[in-house]
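Comments concern the structure below.
Chains as they are written, first to last, in the working numbering: chain V, 199 to 439; chain A, 678 to 774.
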């Protein structure tokens, strides 16, 4: 056995002899440092995600500035009530995430499993409502491409004017790309939470160690924050006319 | 990290949840009012408040003591701001389009 292997085995045995959590990896000084490192890593990743979505938001803001009237007309055709409901659904799911972490912190296994399952249920509800919205857009021929049509739709602020279909198509392109990318993140989040639910079921989380829950939670909250901005920007452009 | 003297975070969580739902309703209703150019500003201010609530309380930034973490979060917002502000300033100051 090499020196480092012998030292590693000795280190593990040494650590367990001192009552350390076996989840503590040997290159961390203590559990708190390990937890902070994991947390920090996820925040770094979220920073890249902010820039990822940020580029799309930038494109949206520029086009909205150029073609405000046409964007307003296009925005009026998507269902703000469904969008608002989806916002509420995600807000509730963020609550169940923090409740799941609290359940892990206080050794409430039943509540932990219930909150994780509920979070996933809310996520599925969000995707279901999104599906209904997409279906409506398909039926109305608002999907960019060969079959796109947006003729004779009045601009909200000037009912005698019609919106330019070319500019409306840009709105719908951004709508599908941004909400589609967001929905993809939602699906990935559901995958992550399936894994968390599985780990929780197997009893891997304790008050001392539940870092995957916190990391997964950070990702989920980020997806929620993106939608918090998407909703007013896409659905509520010029609704008061 | 265990702080056995900490009081329950549950009341805070439910208060933030309520505030978020309230903010959503507010955004929806405010969109129905005619505030001219301020509609967008109001919507974004409410959205930013909601995002801050999620980040500070649900993502546990408020209790975080690591300075490096706070630096990363602030830089992220800063760079996003540069992306948005300078891009829009570029296009906004082009007289020909």
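Virtual Cβ for every residue (Gly too), placed ideally from N, Cα, C.
A quick note: this is a predicted structure, and the numbers were derived from the prediction, not measured.
By Cβ distance below 7 Å, which residues in the same chain neighbour residue i in space, the five residues on each side in sequence not counted?
i: residue 700 of chain A; result: 723, 726, 727
i: residue 244 of chain V; result: 416, 420
i: residue 739 of chain A; result: 733
i: residue 339 of chain V; result: 345, 346, 347
i: residue 331 of chain V; result: 276, 277, 280
i: residue 354 of chain V; result: 270, 271, 274, 436, 439
With a threshold of 16 other CB atoms inside 10 Å of the CB of residue i, please say whether the residue is buried or exposed.
i: residue 248 of chain V; result: buried
i: residue 425 of chain V; result: buried
i: residue 262 of chain V; result: buried
i: residue 285 of chain V; result: buried
i: residue 418 of chain V; result: buried
i: residue 357 of chain V; result: exposed
i: residue 411 of chain V; result: buried
i: residue 242 of chain V; result: exposed
i: residue 389 of chain V; result: exposed
i: residue 233 of chain V; result: buried
i: residue 430 of chain V; result: buried
i: residue 755 of chain A; result: exposed
i: residue 231 of chain V; result: exposed
i: residue 344 of chain V; result: exposed
i: residue 324 of chain V; result: buried
i: residue 678 of chain A; result: Any answer about residue 678 of chain A is weak, because its pLDDT of 45 lies below 50 and its placement is not dependable; what the coordinates show is given next. The residue in question, residue 678 of chain A, is exposed, as its Cβ has fewer than 16 Cβ neighbours within 10 Å.
i: residue 273 of chain V; result: buried
i: residue 250 of chain V; result: exposed
i: residue 681 of chain A; result: With a pLDDT of only 47 at residue 681 of chain A, under 50, the local geometry of the prediction cannot be trusted, and no value is derived from it.
i: residue 758 of chain A; result: exposed
i: residue 255 of chain V; result: buried
i: residue 377 of chain V; result: buried
i: residue 380 of chain V; result: buried
i: residue 252 of chain V; result: buried
i: residue 718 of chain A; result: exposed
i: residue 223 of chain V; result: exposed
i: residue 361 of chain V; result: buried
Excluding the 5 residues preceding and the 5 following residue i in the sequence, name in chain order all residues of the same chain whose CB lies nearer than 6 Å to its CB.
i: residue 215 of chain V; result: Reliability fails at residue 215 of chain V, whose pLDDT of 49 lies under 50, so the model's placement of it is uncertain and the value that follows must be treated cautiously. Closer than 6 Å at Cβ, skipping near neighbours: no residue.
i: residue 416 of chain V; result: 240
i: residue 365 of chain V; result: 265, 268
i: residue 295 of chain V; result: 317, 415, 418
i: residue 297 of chain V; result: 313
Given residue i, which residues of its chain have a CB within under 8 Å of its CB, disregarding the five upstream and five downstream residues?
i: residue 734 of chain A; result: 689, 690, 693
i: residue 638 of chain A; result: Absent from the structure is residue 638 of chain A, since the part of chain A shown begins at 678 and ends at 774.
i: residue 403 of chain V; result: 302, 310, 397, 410, 411
i: residue 422 of chain V; result: 288, 289, 291, 292
i: residue 226 of chain V; result: 232, 235
i: residue 391 of chain V; result: 314, 317, 318, 321, 414, 418
i: residue 211 of chain V; result: With a pLDDT of 48 at residue 211 of chain V, under the threshold of 50, the predicted position of this residue should be treated as unreliable, though the coordinate-derived value follows. Once the five neighbours on either side are set aside, residue 211 of chain V has no close Cβ partner at all.
i: residue 493 of chain V; result: The question about residue 493 of chain V has no answer, for chain V in this structure spans 199 to 439.
Please decide whether residue i counts as near chain B, where near means a Cβ-Cβ distance under 8 Å.
i: residue 732 of chain A; result: The structure shown contains no chain B; its protein chains are V and A.
Residues of the region 746 to 765 of chain A with Cβ closer than 9 Å to any Cβ of chain V, in chain order: Answer set for the region 746 to 765 of chain A: 746, 749, 750, 752, 753, 754, 756, 757, 760, 761, 764, 765.
The region 343 to 354 of chain V touching the region 384 to 391 of chain V, judged by at least three CB pairs closer than 8 Å: With fewer than three CB-CB distances shorter than 8 Å, the region 343 to 354 of chain V does not count as touching the region 384 to 391 of chain V.
Against chain V: residues of the region 685 to 714 of chain A by CB proximity under 9 Å: Hits within the stretch, in order: 685, 686, 687, 690, 691, 693, 694, 697, 698, 700, 701, 702, 704, 705, 707, 708, 709, 710, 711, 712.
The region 361 to 376 of chain V in contact with the region 269 to 281 of chain V per 3-pair CB rule at 8 Å: Yes: at least three Cβ pairs fall under 8 Å.
Cβ contact check for the region 269 to 289 of chain V and the region 431 to 439 of chain V: 3 or more pairs under 8 Å: Touching, yes, given that three or more Cβ pairs across the two stretches are closer than 8 Å.
Entirely enclosed beta strand (DSSP E) segments - the region 332 to 418 of chain V, minimum 3 residues: The beta strand (DSSP E) runs of length 3 or more contained entirely in the region 332 to 418 of chain V are, from start to end of the chain, 356 to 360.
Three-pair Cβ contact test at 8 Å for the region 304 to 321 of chain V versus the region 235 to 247 of chain V: Contact between the region 304 to 321 of chain V and the region 235 to 247 of chain V is not established, with fewer than three Cβ pairs separated by less than 8 Å.
Residues of the region 357 to 369 of chain V whose Cβ lies closer than 8 Å to any Cβ of chain A, in chain order: Those would be none; no residue qualifies.
Touch test, the region 738 to 758 of chain A against the region 702 to 720 of chain A, Cβ-Cβ under 8 Å, three pairs minimum: Three or more Cβ pairs closer than 8 Å define a contact, and the region 738 to 758 of chain A falls short of that threshold against the region 702 to 720 of chain A.
contact_flag[the region 287 to 299 of chain V, the region 317 to 325 of chain V] where n(CB pairs < 8 Å) is 3 or more: Enough Cβ pairs lie closer than 8 Å, so yes.
Within the region 258 to 340 of chain V, ranges of the alpha helix (DSSP H) (whole runs, at least 4 residues): Listed in chain order, they are 266 to 274, 278 to 303, 307 to 337.
Chain A contacts made by the region 221 to 248 of chain V, where a contact means CB separation under 8 Å: Listed by position, the residues of the region 221 to 248 of chain V near chain A (Cβ gap below 8 Å) are 229, 230, 233, 234, 237, 238, 241, 242, 244, 245, 248.
Cβ-based contacts, 8 Å cut-off: residues of the region 284 to 295 of chain V near chain A: Listed in chain order, the positions of the region 284 to 295 of chain V with a beta carbon within less than 8 Å of a beta carbon of chain A are 285, 286, 289, 290, 292, 293, 295.
Contacting positions in the region 406 to 435 of chain V - beta carbon closer than 7 Å to chain A: If the cut-off is 7 Å between Cβ atoms, the region 406 to 435 of chain V has 416, 419, 422, 423, 426, 427, 430, 434 near chain A.
Residues within the region 313 to 345 of chain V neighbouring chain A, beta-carbon criterion of under 9 Å: Correct list: empty, as no residue qualifies.
In chain order, each alpha helix (DSSP H) run of at least 4 residues that lies wholly inside the region 709 to 767 of chain A: Listed in chain order, the complete alpha helix (DSSP H) runs (minimum 4 residues) inside the region 709 to 767 of chain A are 715 to 730.
Residues of the region 248 to 262 of chain V whose Cβ lies closer than 8 Å to any Cβ of chain A, in chain order: For the region 248 to 262 of chain V, which is checked against every Cβ of chain A, the residues closer than 8 Å are 248, 249, 252, 253, 255, 256, 259, 260.
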